[in-house]
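J.: Those protein sequence lines, which keep their order, are chains A and B.
492 is the number that this note's numbering gives to position 492 of the first sequence; each next residue is one higher, with no gaps.
1202 is the number that this note's numbering gives to position 202 of the second sequence; each next residue is one higher, with no gaps.
Attaching a single structure in structure tokens format; questions to follow.
Number of protein chains: 2
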Amino acid sequence: MSGERLIYLPLGGAGEIGMNCYVYGYGKPDQERLIVVDLGVTFPDMDTTPGVDLILPDISWLVERRDRIEAVVITHAHEDHVGAVGHLYNKLGAPILARTFTANIARRKLDEHGIPKDVVQTVSPYPEMLDLGPFKMGFLPVSHSIPESAGLVIDSPAGRIVHTGDFKIDETPVVGDPFDRDLWAEVSKSGVKALVCDSTNVFSIAEGRSEASIAYEIEALMGEMKGMVVATTFASNIARLKTLAESASRAGRSVCLLGRAMRRMIEAALETGILTDFPKVVSPEDAKSIPRENLFLLVTGSQGERRAASAQLANGKYMGLTLKEGDTFLFSSKTIPGNERGVIRIMNQLSEKGVDVIDDHGGRYHVSGHANRPDLEEMHRIVNPQILVPMHGEHRHLREHAKIADSKGLQGVVAVNGMMIDLTGNEPRVAEYIETGRTYLDGSVKIGAMDGIVRDRIRMALNGHVLVTLIIDEDGSPLGEPWCEIMGLPEVGTSNAPLQDFLENDLGQFLMRASDKTLIDDATLEKELRTITRRTAQSEIGKKPEVTVIISRLA
Amino acid sequence: MSGERLIYLPLGGAGEIGMNCYVYGYGKPDQERLIVVDLGVTFPDMDTTPGVDLILPDISWLVERRDRIEAVVITHAHEDHVGAVGHLYNKLGAPILARTFTANIARRKLDEHGIPKDVVQTVSPYPEMLDLGPFKMGFLPVSHSIPESAGLVIDSPAGRIVHTGDFKIDETPVVGDPFDRDLWAEVSKSGVKALVCDSTNVFSIAEGRSEASIAYEIEALMGEMKGMVVATTFASNIARLKTLAESASRAGRSVCLLGRAMRRMIEAALETGILTDFPKVVSPEDAKSIPRENLFLLVTGSQGERRAASAQLANGKYMGLTLKEGDTFLFSSKTIPGNERGVIRIMNQLSEKGVDVIDDHGGRYHVSGHANRPDLEEMHRIVNPQILVPMHGEHRHLREHAKIADSKGLQGVVAVNGMMIDLTGNEPRVAEYIETGRTYLDGSVKIGAMDGIVRDRIRMALNGHVLVTLIIDEDGSPLGEPWCEIMGLPEVGTSNAPLQDFLENDLGQFLMRASDKTLIDDATLEKELRTITRRTAQSEIGKKPEVTVIISRLA
């Protein structure tokens, strides 16, 4: 082996659902040539990341080794796999490889950042194998909830790795590649060192269901509905869009797409030949003059996103279109954990308008894009690897998946973000722990998750903010009284007098008694003013606010 | 009828799940004598109510009519029905009526506010009927997920109302009253004008299941588990606590209760005779010396609450007890929509420790306390009212429930918070719209939901906060430069220079050119400084922050 090693290092997606980014390397320690698999994003929430626009993996480790990166490989065009390419490409500079549809989406993202589209290379699927330094790599078509998803076969001098990407076993996916058992078996027959495998649905114990299985249900439903019909699903689920639009069309309805993502995805699918026969769509402008019983809206916002078409329609109006009593709204989607409040808010707003809401009815109008536990076990059987590395999942998913592997006689290894695994020998071992984390896109700036900026926002939201200003004159004496402004706090406390007056009074009292030594030292003075402010607020309003003290000294 | 009327007015709980508060009245318009049913709370979240401690119904309407209130009736001891009694009793002053267990809990809450316990009167259930002004009222025992829940039979000169309270149809509830079909039929046989009925589970189409049905499953599970076993459920579900503790005890484990609510509920159940034979419990101190395979912890925090015992155990340690590999943690509970993130965080922390997590497994280890749709329909059949008023539910629940009523030939009426319904005639009609809302308990102060305080907190959390201070000298000229402090914003923007410098520079430039007319007017000056700050921030960091300007004028 001459001291060379094969490593696997997740930088995102292992210990969370979303923000996928995995690294494979081969070579002498600290000289490995690298392949990056996926550059995804995850989405902020008010609980932990208020005000943040997007969450990207922290790729500092890669940036320091950018000269060693052979390629960035994108398995499929979901945001949690491709969403960061535009934001991070310039830091890596390596060519981006993807299949046709994924490449189309990746180029659109790069274009928004003014990056030339030709950094993305469209690749053909297996049996074509690409030479990437010490690796040979092929794209294995696989079924998922977006067209042209790919697993990867990665050959290194230390053996073959099969990386599933996100997948399900679906032989009738409506659009895109059916799962090809023979192909996966062929790739695996010469022996696989490690299967790096999607874990998202490991807790779903039911048999997986095909995308085609819900087409009939949707068709039947579409035939029954009166008034205007609106449906929402993930914009990237081209098969679902096709099923929904075609069944609406057959029911005599014109199809109108609302939401930028929805239009963009259909556009990409048509451009790349994924879709050939999507029903003709009408513009929102034209839709307004179509009788509502002949209209079907296919809209973004299945997760209750506040600015999406679904939320705006529920809230009142979108592109001149409004919903009313007798209309129907179908969620052909599942609510991702954490998004319940937003989705429920929309459902209630629709209910208030008299719109009938139909949810997925326990799976009648939606199927998942990920392999359930029985399908994961089938994948294990097909590939029959020496080692199973659970990938894409929270800790509980990875652990459960590794337990399944162990129970089947495979070596399961739980590798979370930052845990570099050496796969060279017969047993996987932890080679190193890399510092990883999250980078926040905040407005136009990238900030670190640990910079304290978001922590300060959360503190202001929980505790309110008091500003104390004080002017010290040329002689070092306070000029007048300190001045307080409050934000996010009650104006009147339990004494029924203005909080501001109480604060200014207590601060004024302190200053009258303060020694010259205190007054001369900004740090001490600031600390004292802050402490008094918090103490007075606690007694008046039962809360200790954040306090910013500004001391101006006249020269 | 001599111009008298029978009214129903929800002030909380109708259009939401939680914060129940319903008013019944009888008399001449604006002179009705009133009964208040339930005084509940709901819980804040970071999305809409950061920093708030508790949410109470806005009872201004009642406070203005406090001399007309005959009684405050509490149907059962869940927080969303009894939680506000301590906070609001003094504003109403009317006697509180409840059955024994509920009265015990209500008195504890009043005691915390220094209110004498004797304002709560313990009442016996039907057939005892209380005289409350123009009403006669009786408490109808009903099965729910807490002992001694009650529906109400309310007789007025305009007819009989049956108010279900929260309920399920459970003939074997383990602890507390089994559902007594004959009792409800007897009460209904002389004719019921209106059934005011729980709607929480209207979308659950499966047959309801009894609390007793999971006892066997829990018993079986408890026999299998190794290591320390921890279970969490709602502290108020005494039946579940009993099932869990007894099965653990039979499996040779000592029972330890962790969390104040858990201990308090068991205490109340023992005091009131609801529980007679709960296993002996050990203190956390003693638990530490018990071998882990002989220990069972029953803990608060099934909803992922950050400060509860479950979260603290998952995070590290609670009362000297720690979890480790080989232990098991059972969620004998369902996650309430909106609490998913918190629960999942705990599950992952436990997974990281190697603790096996068992959730309700699709109902194996948990049953709901509310009537599913088939049981609601059974209640409709038993009571056979003239009018059905869906109660306790979001808009979508109330609407669906009213639709069921309509389909069965009952008159269903969707009445949301603030909608006063006149039930006197043959058809319900909207008598008036009352302004209702929410009151936030924020530290020690009650604030209005519309006061703008929480809105400001949310804005600071989303946008950050910039403080601008400026001193104007005796001549009306700026003294030195304006000074900026930032909080919750990146220190360095896209130009790679400190944001603070950019802001101070742009503000300084403006001041140099500002006219005397501008400088003399605080409002204009403040507006200009705010605008410039926001514009500069937008260009440097892509975000428009909240801005507070403080102008000090030297006299």
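Even for Gly, the Cβ is constructed at its ideal location relative to N, Cα and C.
What you are looking at is a predicted structure, and each value in this text was computed from that prediction instead of being measured.
1. Tell me the rounded alpha-carbon separation between residue 299 of chain A and residue 232 of chain A.
2. Beta-carbon of residue 1391 of chain B versus every beta-carbon of chain A: anything under 8 Å?
3. Check whether the stretch 1253-1267 of chain B and the stretch 1300-1319 of chain B touch, using three or more Cβ-Cβ pairs below 8 Å as the test.
4. Which of the three DSSP states is assigned to residue 110 of chain A in this structure?
5. Who does residue 429 of chain A pair with in a DSSP beta bridge?
6. Could you check if residue 1531 of chain B is buried or exposed, using at least 16 other CB atoms within 10 Å of its CB as the buried criterion?
7. Are residue 4 of chain A and residue 28 of chain A closer than 8 Å when you measure CB to CB?
8. Output, in sequence order along the chain, the residues in the stretch 432-466 of chain A whose CB is closer than 7 Å to any CB in chain B.
9. In the DSSP assignment, find the unbroken beta strand (DSSP E) run with residue 365 of chain A in it and report its ends.
10. Tell me whether residue 1030 of chain B is buried or exposed, calling it buried when 16 or more other Cβ atoms sit within 10 Å of its Cβ.
11. Sorted by chain position, which residues of the same chain lie with C-beta nearer than 6 Å to residue 508 of chain A's C-beta, five sequence neighbours on each side aside?
12. Please work out which residues of its chain come closer than 8 Å, Cβ to Cβ, to residue 1546 of chain B, disregarding the five sequence neighbours upstream and downstream, and give them in chain order.
13. Would residue 56 of chain A pass as an interface residue toward chain B - the criterion being a Cβ-Cβ separation below 8 Å?
14. Tell me the DSSP secondary structure of residue 1306 of chain B in three-state form.
15. Which whole runs of the alpha helix (DSSP H) in the stretch 244-323 of chain A are 4 residues long or more, in chain order?
16. Only counting runs of 4 or more residues, tell me where the alpha helix (DSSP H) segments fall wholly within the stretch 1065-1105 of chain B, in order along the chain.
17. Can you grab the Cα-Cα spacing for the pair residue 175 of chain A / residue 390 of chain A, in whole Å?
18. If you reduce the DSSP assignment to three classes, tell me which class residue 556 of chain A lands in.
19. Of all the residues that make up the stretch 1038-1063 of chain B, which are near chain A by a beta-carbon distance shorter than 8 Å?
20. For residue 126 of chain A, which three-state DSSP category applies?
21. From A:219, A:510, A:450, pick the residue whose C-alpha is nearest to that of residue 49 of chain A; which is it?
22. Run through chain B and tell me which residues come within less than 7 Å of residue 488 of chain A, C-beta to C-beta.
23. Out of B:1540, B:1522, B:1555, point me to the one whose CA is closest to residue 1548 of chain B's CA.
24. Quick test of your reading: residue 1146 of chain B and residue 1078 of chain B, contact by CB under 8 Å. State the CB separation rounded to the nearest angstrom.
25. Can a CB atom of chain A be found closer than 8 Å to the CB of residue 1337 of chain B?
26. Please report the residue range of the beta strand (DSSP E) in which residue 1186 of chain B lies.
27. Would residue 1268 of chain B be called buried (16 or more neighbouring beta carbons within 10 Å of its own) or exposed?
28. Determine the DSSP secondary structure at residue 42 of chain A, reduced to helix, strand or coil.
29. Cβ closer than 7 Å: which chain B residues qualify as neighbours of residue 395 of chain A?
30. Which partner residues does residue 1460 of chain B have in the DSSP bridge list?
31. For residue 378 of chain A, go through chain B and note every residue whose CB falls closer than 7 Å to its CB, in chain order.
32. Establish whether the CB of residue 357 of chain A and some CB of chain B are separated by less than 8 Å.
33. Is residue 112 of chain A close to chain B? Criterion is C-beta to C-beta, closer than 8 Å.
34. Which residues, in chain order, does the stretch 1300-1324 of chain B contribute to contact with chain A at a C-beta distance below 7 Å?
35. Note down, in chain order, each residue of its chain lying with its Cβ closer than 6 Å to the Cβ of residue 6 of chain A, except the 5 sequence neighbours on either side.
36. Closer than 7 Å by C-beta to residue 12 of chain A: which residues in its own chain qualify, once you throw out the five before and the five after it? Chain order, please.
T.: Inspection of the coordinates gives the following:
1. Mapped onto the first sequence, residue 299 of chain A falls at position 299. Mapped onto the first sequence, residue 232 of chain A falls at position 232. Each residue's alpha carbon lies about 5 Å from the other.
2. As a position in the second sequence, residue 1391 of chain B is number 391, starting the count at 1. So no, residue 1391 of chain B is outside the interface.
3. yes
4. As a position in the first sequence, residue 110 of chain A is number 110, starting the count at 1. Helix, per DSSP.
5. Against the first sequence, residue 429 of chain A aligns to sequence position 429. Note: residue 429 of chain A sits in a beta bridge opposite A:422.
6. Within the second sequence, numbered from 1, the residue matching residue 1531 of chain B stands at position 531. So residue 1531 of chain B ends up on the exposed side.
7. One-based indexing of the first sequence puts residue 4 of chain A at position 4. One-based indexing of the first sequence puts residue 28 of chain A at position 28. For residue 4 of chain A and residue 28 of chain A, yes; Cβs fall inside 8 Å.
8. 442, 443, 444, 445, 447, 453, 456, 457, 458, 460, 461, 462, 463, 464, 465
9. The count along the first sequence starts at 1 and reaches residue 365 of chain A at position 365. Run containing residue 365 of chain A: none; DSSP gives neither H nor E here.
10. On the second sequence, residue 1030 of chain B is found 30 positions in, with the first residue counted as 1. Classification for residue 1030 of chain B: exposed.
11. Numbered from 1 along the first sequence, position 508 holds the residue referred to as residue 508 of chain A. Only 481 meet the Cβ criterion.
12. Start at 1 with the first residue of the second sequence, and residue 1546 of chain B comes out as number 546. Within the same chain, residue 1546 of chain B has close Cβ partners 1456, 1459, 1460, 1463, 1464, 1465, 1466.
13. Stepping through the first sequence from its first residue, residue 56 of chain A is reached at position 56. Answer no: the Cβ-Cβ gap between residue 56 of chain A and chain B never drops below 8 Å.
14. As a working note, residue 1306 of chain B is residue 306 in the second sequence. Residue 1306 of chain B falls in the coil class under three-state DSSP.
15. 260-271, 284-287, 309-315
16. 1079-1082, 1085-1092
17. Taking the first sequence and counting its residues from 1, one reaches residue 175 of chain A at position 175. Taking the first sequence and counting its residues from 1, one reaches residue 390 of chain A at position 390. Distance between the alpha carbons of residue 175 of chain A and residue 390 of chain A is about 27 Å.
18. As displayed, chain A neither begins before 1 nor continues past 555, which places residue 556 of chain A out of reach and without an answer.
19. 1045, 1046, 1047, 1050, 1051
20. Translated into the one-based positions of the first sequence, residue 126 of chain A becomes position 126. The answer is coil: DSSP assigns residue 126 of chain A none of H, G, I, E or B.
21. Position 49 of the first sequence holds residue 49 of chain A. Selected option, being the one with the closest Cα: A:450.
22. In the first sequence, the residue the question calls residue 488 of chain A occupies position 488. Per Cβ cutoff of 7 Å: 1453, 1456, 1457, 1460.
23. Translated into positions along the second sequence, residue 1548 of chain B becomes position 548. Ranking the options by Cα distance to residue 1548 of chain B, first place goes to B:1522.
24. Counting from 1 along the second sequence, the entry for residue 1146 of chain B is found at position 146. Counting from 1 along the second sequence, the entry for residue 1078 of chain B is found at position 78. About 6 Å; that satisfies the 8 Å criterion.
25. Along the second sequence, read from residue 1 onward, the residue named residue 1337 of chain B stands at position 337. With 8 Å as the cut-off, residue 1337 of chain B counts as an interface residue toward chain A.
26. Here residue 1186 of chain B corresponds to residue number 186 of the second sequence, with the count starting at 1. Looking at the DSSP string, residue 1186 of chain B is not in any beta strand (DSSP E); the run it does join, the alpha helix (DSSP H), is 1181-1188.
27. Within the second sequence, the letter at position 268 stands for residue 1268 of chain B. Under this definition residue 1268 of chain B is a buried residue.
28. For the purposes of this step, residue 42 of chain A is taken as the residue at position 42 of the first sequence. Reduced to three states, the DSSP call for residue 42 of chain A is strand.
29. Indexing the first sequence from 1 puts residue 395 of chain A at position 395. In chain order: 1348, 1351, 1352.
30. As a working note, residue 1460 of chain B is residue 460 in the second sequence. According to DSSP, which records beta bridges pairwise, residue 1460 of chain B is partnered with nothing at all.
31. The count along the first sequence starts at 1 and reaches residue 378 of chain A at position 378. Those do not exist, as residue 378 of chain A stays about 22 Å from chain B at its closest Cβ, beyond 7 Å.
32. To locate residue 357 of chain A, count along the first sequence from 1; it is residue 357. Yes, residue 357 of chain A lies at the interface with chain B (some Cβ there is under 8 Å from its Cβ).
33. For the purposes of this step, residue 112 of chain A is taken as the residue at position 112 of the first sequence. Closer than 8 Å: no.
34. none
35. One-based indexing of the first sequence puts residue 6 of chain A at position 6. Closer than 6 Å at Cβ, skipping near neighbours: 26, 156, 158, 423, 424.
36. Within the first sequence, numbered from 1, the residue matching residue 12 of chain A stands at position 12. 19, 20, 21, 40, 57, 417, listed in sequence order.
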